[in-house]
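Counting in full-length UniProt numbering, the final residue of the sequence shown is number 404, and the numbers go up one at a time with none missing.
For glycine and all other residues, C-beta sits at the position ideal for the given N, C-alpha and C.
Only a predicted model underlies this, so the values are computations on that prediction, with no experimental measurement involved.
This report concerns only the one structure given below.
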Amino acid sequence: MSYSRVLIIGAGVGGLALAQGLRKGQIDFAVFEKDPLLDSRLQGYRLKIFGEFQTKLRDLLTDEAWSEFEATCAETHLGETTLNATDGRIIGSRKGYLPEGMPLPYTIDRGMLRRSLMKGIEDSVQFDKRFLKYELNDQGVKVTLEDGSIEQGTLLVGADGARSLVRKQLLPDHRPLDTKGCCIYGKSILTPELLARFPVKHRKWMTVIVDKTPILQSIISGEEPLALVSEPVRFANRISTCDLPEDYIHWGLMFPENTSGLKDEELEKALRSRAVDLSLQLTSEWDPSVRSLIELQDQSLTMGMRMYNVGPNIPAWTSSANITLMGDAIHVMAPSGGVGAVAALHDASVLAQIIGDEGITEASIGYFEGSMRQFAKVCIMRSFVAGKKMLNMPSFEDCHQVDW
């Protein structure tokens, strides 16, 4: 097999997982990340990795990286409790079960997963390196970074998230859809005060807190419900792994933009710089026991964001042996239990395997892109169904493309 070099733009879960798979296959690569550090930005909290994806992730990682991953996983408890937000009443609660023979899923803090995915490839990941443009040439692809540095490679992989600059150059018309939904991610440390105020049954496993819209507000203002999904993250391996985060409850408060009572620009500012205040405002009528989760949030770790999707039928483009896209860069989806990260892991697994087996050719990249579209469609529809049930999110046809 001829010499190949893969240039990966973005050091998120997908980009780092791909890098690990390439490393294991002894294929040269380099990762370029615009952030100055691995943990420069808040990027969500826990993920669950089920069934076949445990095998896919295991196959990507070296023994050393896999051991670190397992050591930093949290406890997993299957089940769900649904609460009424305004009175704290339990609407439903049921223990979860897995099909016979399926292993318990791994529960992992997203930050810890990225740290595990950095294991052994530290020298191949460059930070504070923002992508500017690419050019195809006889040797493959030339990438220019904002600092003026130039990198030559065989294949460029855009793994640079929803606002991908690689995607913008390659597929300028493939833009995400604005769902008109928003999410505030938070993290509440399991302190003695939170344990005293937030009931035991509410922190047993996954909890969904439902806040239905009052009838007249739904008729007159067109307001929709809001919902909060939470789950405790407790680490079992503190003796062997001393640098784990404190045990916490992660939560995501999801709401349609019209429920905030803010105009577009005001909402944008609130999500960016006043997410804590907005979370308290939106939950002001909640039962005190339930609202304690919001009141006791770690304010330094709260972030707000708009929710974007792409349509389920990702259009095909002419495949190239020199450039492709993966993860949120091509199939961003609204939050739904970490489904976007799972899709990115799928992409990394398939791409690393096909490059290892078939090399970097137009046919092999085309195969990857076909597999990526198929799996992404399943994940996008799962995300859509969750958004529809929780927030009455609009159909894909009723969403407008963003202008970036």
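Local conformation of residue i per DSSP, three classes
i, result
"D59", "helix"
"Q374", "helix"
"D211", "strand"
"Y367", "helix"
"W66", "helix"
"A74", "strand"
"F53", "helix"
"I380", "helix"
"R41", "coil"
"residue 472", "Residue 472 lies beyond the range of the chain shown here (1 to 404); nothing can be said about it."
"G92", "strand"
"V310", "coil"
"M305", "strand"
"V385", "helix"
"E231", "strand"
"L98", "coil"
Limits of the alpha helix (DSSP H) - the one that residue i falls within
i, result
"I354", "339–358"
Environment of residue i [buried if 16+ CB atoms lie within 10 Å]
i, result
"M390", "buried"
"S67", "exposed"
"D328", "buried"
"M307", "buried"
"F50", "exposed"
"residue 493", "Because the chain spans 1 through 404 in this model, residue 493 falls outside it and cannot be assessed."
"A363", "exposed"
"E52", "exposed"
"I27", "buried"
"H400", "exposed"
"L278", "buried"
"S221", "Residue confidence is low: S221 scores 49 on pLDDT, short of 50, so the model does not pin down where it sits. Its coordinate-derived value is still stated next. Exposed, by the Cβ-count rule."
"M112", "buried"
"Q139", "exposed"
"A316", "exposed"
"N322", "buried"
"S188", "buried"
"R41", "exposed"
Segment limits, beta strand (DSSP E) that includes residue i
i, result
"G21", "Looking at the DSSP string, G21 is not in any beta strand (DSSP E); the run it does join, the alpha helix (DSSP H), is 13–24."
"D328", "That residue, D328, is in no beta strand (DSSP E); its alpha helix (DSSP H) goes 328–331."
"T318", "T318 -> no beta strand (DSSP E), and no H or E assigned at all."
"G79", "79–84"
"D28", "28–32"
"I108", "106–109"
"V402", "Per DSSP, V402 belongs to no beta strand (DSSP E) and is neither H nor E."
"I9", "5–9"
* **Contact between the region 160–178 and the region 222–236 (3+ Cβ pairs under 8 angstroms)** => no
* **Within the region 239–303, ranges of the beta strand (DSSP E) (whole runs, at least 3 residues)** => 248–256
* To do: Decide if the region 380–396 is in contact with the region 304–324; the criterion is three or more beta carbon pairs, one per stretch, under 8 angstroms apart.
  => yes
* To do: Let me know the alpha helix (DSSP H) ranges lying completely inside the region 124–208, each 4 residues or longer, listed in chain order.
  => 165–170, 192–197
* Stretch pair the region 242–251 + the region 166–178: three plus CB contacts closer than 8 angstroms -> no
* Cβ contact (3+ pairs, closer than 8 angstroms) linking the region 149–162 and the region 7–14 -> yes
* Is the number of C-beta pairs between the region 321–340 and the region 22–41 that are closer than 8 angstroms three or more? -> no
* Asked: Do the region 84–94 and the region 54–62 make contact, defined as three or more Cβ pairs closer than 8 angstroms?
  -> no
* Should the region 116–131 be regarded as contacting the region 288–300, the criterion being three or more beta carbon pairs within less than 8 angstroms? -> no
* **the region 67–86 contacting the region 204–212, beta-carbon criterion three pairs below 8 angstroms** => yes
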